[in-house]
Amino acid sequence: MADKKAPARDAGVLVIGLGRFGSSLATTLDRLGQDVLAVERDEKLVAQWSGRLPLVEADASEAEALVQLGAKDFGVAVVGVGTELEASVLITANLVDLGTPQIWAKAISAEHGRILTRIGAHHVVYPEADAGSRVAHLVSGKMLDYIEVEDGFTIVKMRPPKEMQGFTLAQSDIRKRYGVTVIGVKSPGVEFQYATPETRVSANDLLVCSGHADLLERFSARP
1 MADKKAPARD AGVLVIGLGR FGSSLATTLD RLGQDVLAVE RDEKLVAQWS
51 GRLPLVEADA SEAEALVQLG AKDFGVAVVG VGTELEASVL ITANLVDLGT
101 PQIWAKAISA EHGRILTRIG AHHVVYPEAD AGSRVAHLVS GKMLDYIEVE
151 DGFTIVKMRP PKEMQGFTLA QSDIRKRYGV TVIGVKSPGV EFQYATPETR
201 VSANDLLVCS GHADLLERFS ARP
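First residue of the sequence shown: 1, per UniProt numbering; consecutive thereafter.
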């Protein structure tokens with residue numbers, strides 16, 4: 001059984017809920033060397049992750065539990081509970097009351113997201129919807145990776161259209177013609193290089209491009 005209390009800390013990330021989203025987030029943060037503490041109330045999940053993550057067994061929907069484990073000392077808290085709407089709202093409200101500087105909360109619907117925003121969540125994420133949108137872009141065109149950052153601004157990895165192959169970026173003038181920016185080029189067996197006007201593109205290269213999603217979709221559809 002995991003400890004009921006955790007030492008106070010001045011920074012770090014508190015991850016509440018160890019479902020697929022929360023466990024992936026927590027393990028990645030831990031691997032990156034971040035100061036992370038996971039909170040889970042389900043005994044089976046606690047047993048599964050105990051010894052693999054810094055972990056506390058507690059019901060974060062109870063305000064006193066968050067106080068006892070020192071939640072107010074974390075700079076960032078992530079509410080990974082999504083399927084239980086009431087618990088998600090209660091946990092987020094408790095974190096707001098504690099004055100948590102940055103609260104990220106998982107939502108499973110637009111209505112759920114609006115509620116979380118209204119009660120004080122600083123960031124609301126929609127993992128299922130975001131994943132679906134990303135996969136749709138990948139399976140429908142030449143994009144090899146797709147990340148929408150904010151307000152339509154997107155970064156993609158893709159193969160170069162034929163009209164770029166054998167030419168420098170200055171010669172193909174992609175930014176002027178299509179409104180997208182080539183950030184860098186990865187050639188086989190060569191380290192990633194940031195793009196310059198003199199960068200020459202070959203058929204086997206990978207491009208990292210940025211721009212508005214609509215413009216990138218049209219550009220990636222070029223033969």
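Even for Gly, the Cβ is constructed at its ideal location relative to N, Cα and C.
All values reported here derive from a predicted model rather than from experimental measurement.
Tell me whether residue 26 is buried or exposed, calling it buried when 16 or more other Cβ atoms sit within 10 Å of its Cβ.
-> In the sequence shown, counting from the first residue as 1, residue 26 sits at position 26. Flag for residue 26 reads buried.
Inter-residue spacing [alpha-carbon to alpha-carbon] between residue 41 and residue 57 | One-based indexing of the sequence shown puts residue 41 at position 41. One-based indexing of the sequence shown puts residue 57 at position 57. Computed Cα separation, rounded: 5 Å.
What did DSSP end up calling residue 200 once you bin it into helix, strand or coil?
-> What you label residue 200 is simply residue 200 of the sequence shown in a count that begins at 1. Strand.
Excluding the five sequence neighbours on either side, which residues of its own chain have a C-beta within less than 8 Å of the C-beta of residue 218, listed in chain order?
-> Residue 218 sits at position 218 when you count from the first residue of the sequence shown. Within the same chain, residue 218 has close Cβ partners 178.
8 Å Cβ cutoff met for residue 216 and residue 156 = Translated into the one-based positions of the sequence shown, residue 216 becomes position 216. Translated into the one-based positions of the sequence shown, residue 156 becomes position 156. Result yes, Cβ atoms of residue 216 and residue 156 sit closer than 8 Å.
Own chain residues within Cβ distance below 6 Å of residue 200, not counting five before or after = Residue 200 sits at position 200 when you count from the first residue of the sequence shown. The answer, listed in chain order, is 168.
Whole runs of the beta strand (DSSP E) within the segment 92-120, excluding any shorter than 3 residues = 102-106
DSSP three-state call for residue 58: helix, strand or coil?
-> Translated into positions along the sequence shown, residue 58 becomes position 58. In the structure shown, residue 58 sits in coil (DSSP, three-state: anything other than H, G, I, E or B).
If you draw a straight line from the alpha carbon of residue 71 to that of residue 119, how long is it in whole angstroms?
-> Along the sequence shown, one-based indexing puts residue 71 at 71. Along the sequence shown, one-based indexing puts residue 119 at 119. Each residue's Cα considered, the two are about 18 Å apart.
Going by CA-CA distance only, name the one from 161, 143 and 162 that's closest to residue 154.
-> Translated into positions along the sequence shown, residue 154 becomes position 154. Comparing Cα positions, the closest option is 143.
Spatial neighbours of residue 113 in its chain, beta-carbon cut-off 6 Å, leaving aside the 5 residues before and after = For the purposes of this step, residue 113 is taken as residue 113 along the sequence shown, with counting starting at 1. Once the five neighbours on either side are set aside, the close Cβ partners of residue 113 are 107 and 124.
Around the Cβ of residue 196, are there at least 16 other Cβ atoms within 10 angstroms (buried) or fewer (exposed)?
-> Counting from one through the sequence shown, the residue named residue 196 turns up at place 196. With fewer than 16 Cβ atoms within 10 Å of its Cβ, residue 196 is classed as exposed.
Sequence-distant residues of the same chain with beta carbon closer than 6 Å to residue 164, five excluded per side = Translated into the one-based positions of the sequence shown, residue 164 becomes position 164. 172 and 201, listed in sequence order.
Rounded to the nearest angstrom, how far is the Cβ of residue 38 from that of residue 49, given a contact under 8 Å?
-> For the purposes of this step, residue 38 is taken as residue 38 along the sequence shown, with counting starting at 1. For the purposes of this step, residue 49 is taken as residue 49 along the sequence shown, with counting starting at 1. About 7 Å separates the two Cβ atoms, so the contact holds.
Just the Cα atoms here: how many angstroms apart are residue 220 and residue 190?
-> Position 220 of the sequence shown, counted from the start, is the residue given in the question as residue 220. Position 190 of the sequence shown, counted from the start, is the residue given in the question as residue 190. Each residue's alpha carbon lies about 23 Å from the other.
Sorted by chain position, which residues of the same chain lie with C-beta nearer than 6 Å to residue 198's C-beta, five sequence neighbours on each side aside?
-> By 1-based counting over the sequence shown, the position of residue 198 is 198. For residue 198, where only same-chain residues beyond five positions count, the Cβ hits under 6 Å are 168.
Those residues which DSSP pairs with residue 212 across a bridge = Sequence index remark: in the sequence shown, residue 212 carries index 212 (1-based). DSSP, once it has assigned bridges, lists 153 as partnering residue 212.
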